Structures are given as C-alpha cells and as structure tokens.
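Numbering (the working numbering), first residue to last: 12 to 319. Beta carbons: idealized from backbone N, C-alpha and C, even for Gly. Remember, predicted model here, so these are calculated numbers, not experimental data. Here's the structure we're looking at; comments come further down.
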C-alpha cells in the first residue's frame, strides 16, 4: 500500500459512521402504469445482504429510518409542481432533521436511499450549517429543469438542478435556504457523452467529468475533482447514484444506460475522495430488479470495502 493510500485509510478509520435509512421512491416516475418504483426497498435489501451488520461490527451506529409518505402518481403538466411534491417536501424536512442530528453528534452520515430526491433534505440540512460543496457521482446529470423542459415531474431526474437553485422555488428554495450548494462548489462525474443536459451542466457547475474520462483514469479524475474545492468550506457531500455503473454489471437501477464504469473504477475514485468527504448518500438501487439478492450482496461488499 502506498503512503497516500495508507493515509487515506488512516483518516477513514477514525470516522464513526452513522447509518440513516431513507427508503423514499417519491422522486421517480412509476415503472409501469399502476406500479410504484422499487428503490424504497433498497435499505432493507442491503441489510439482508449484510451491509449494516458489517458496518456496525466495525464501529458504525444506526441512526434510524426516515420513512416517506405514500407514493402517488399525481403529476399534472403545467401546474408548476412535481410528482409527490407534498410528500417529498415532508420527507425532505424529516431527513434534514435526522442528518442535522447525526452531524451535531459528531458522526459521519451514510444515507441509504431511496432515490436521488433524498439530496434535497440533505442539502437543506447542510446549508443550515454552512457552506458545503457537492460531488455528484451519477450516470446522468439529473439536470432537467423548468428552463430546459416542459415536463419537470420527477425530482430523481432533477436533483442536481434542485439543489443548485435551478428549479421551482418550492423545491429549490425551502425556508429561503437555496441554493443549497453554490455552483462554484459543485462537481458532477459519471454522465455519458450523450447526456441531454451535458453542455448546460458543463457551463453551469465547477467541473464535469464523463464516464469515459473516469474509465481512462479514475485517479486523475478524483484528483481534479478535489482540486475544484476551495479552502474554507464547511465540508463536502458525496452522492453516489449506482447507475454510474455499467448496466452489464449493475442492471438493478431505475435508468440503466450503457457506457458506464466498472466496480474497480468507482472504487479508485472513492478511495481518493472519501477522506475529504463529510458524508455520503447512496441511491437508486432497485431490489425488485435483483430478486435473488446477488447484486445487493455485491453492492454491500463493495461499500464495506471502500468504507473500511
């Protein structure tokens, strides 16, 4: 192990993780008419696969479950609202309180989603504390917004727009806190070259790195990501949407797209990024697309390895 790798592992060793389960599917469209997205089952599937038990055996604590309201496919075009908006905002408020409690206790939050809309409650919690940066690792830019689409409906495909202030004020300016992350302190990595909002996001945030760039040199991309953030931030949050992975190795996601990265590449990224991170959210694993639990076990083993 190199000296740098040893230092990174040493720094992680002394962080006590607090696990928050946030089983929300409120930010996704229904997979089929009359059905609900399966991502809300992810925290329990990961528990069954051994993630929480493994982390607790290494010193982590559980910080409970933040339940979401009932999923309703209630979106109507032209109303200036998104699907499940009232329930989503209520869940964000409860998650905000739980993340704040964990940080107040001196713990390192690990938030297990759930879909990407959980970033809203995390973002408001962090903004109440100070000025945080964001690393958005995702197979999509998640930047659909009212200025580029007439069909803003599902926050899980719009979360980066929401937390940087580029969305309906009811979502992007909760308690007059928006934007929750300043665009100068936001980096996206993992989208494909054909992402519909790639040019807009590249011009908007401080850094954008595609899946192709990560495959070429994950360690170089990680170093460039960290170089974006100035001194003086209260911290940096990392959201990891597992659709950053190629669907050949991780098909159990809401929106699988080809040309993703592999386990070794995302691990190389995280091993460099994690020592600089104040907390992590894991999103969009769908156990209904993994009926035998094999992918849940693989994901759990991966998280245990990188958080060890």
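Alpha-carbon spacing of residue i relative to residue j, whole angstroms
i           : j           : result
residue 131 : residue 213 : 21 angstroms
residue 56  : residue 272 : 23 angstroms
residue 159 : residue 245 : 32 angstroms
residue 230 : residue 253 : 19 angstroms
residue 115 : residue 188 : 19 angstroms
residue 280 : residue 286 : 11 angstroms
residue 199 : residue 26  : 25 angstroms
residue 142 : residue 205 : 32 angstroms
residue 79  : residue 51  : 9 angstroms
residue 304 : residue 243 : 42 angstroms
residue 302 : residue 277 : 24 angstroms
residue 210 : residue 239 : 19 angstroms
residue 134 : residue 43  : 30 angstroms
residue 113 : residue 74  : 7 angstroms
residue 236 : residue 120 : 21 angstroms
residue 103 : residue 87  : 21 angstroms
Integer Cβ distance of residue i from residue j, believed to fall under 8 angstroms
i           : j           : result
residue 30  : residue 123 : 7 angstroms
residue 216 : residue 185 : Contact doesn't hold; Cβ gap of about 20 angstroms is too wide.
residue 174 : residue 145 : 7 angstroms
residue 95  : residue 107 : Not confirmed; about 17 angstroms, so no contact.
residue 49  : residue 300 : 7 angstroms
Residue i - DSSP class collapsed to helix/strand/coil
i           : result
residue 202 : strand
residue 103 : helix
residue 30  : strand
residue 345 : This structure does not reach residue 345, given that the chain is present from 12 up to 319, and the question cannot be answered.
residue 239 : helix
residue 294 : strand
residue 87  : coil
6 angstroms CB neighbourhood of residue i in its chain, flanking five on each side removed
i           : result
residue 65  : 315
residue 105 : 77
residue 118 : 27 and 29
Distance CB(residue i)-CB(residue j) smaller than 7 angstroms
i           : j           : result
residue 111 : residue 76  : no
residue 40  : residue 128 : no
residue 228 : residue 125 : no
residue 91  : residue 268 : no
residue 137 : residue 99  : no
residue 295 : residue 265 : yes
residue 222 : residue 61  : no
residue 298 : residue 53  : yes
8 angstroms CB neighbourhood of residue i in its chain, flanking five on each side removed
i           : result
residue 172 : 153, 154, 155, 156, 178 and 183
Neighbourhood of residue i by C-beta distance below 7 angstroms, restricted to the same chain and skipping five residues each side
i           : result
residue 249 : 146, 148, 284, 288 and 291
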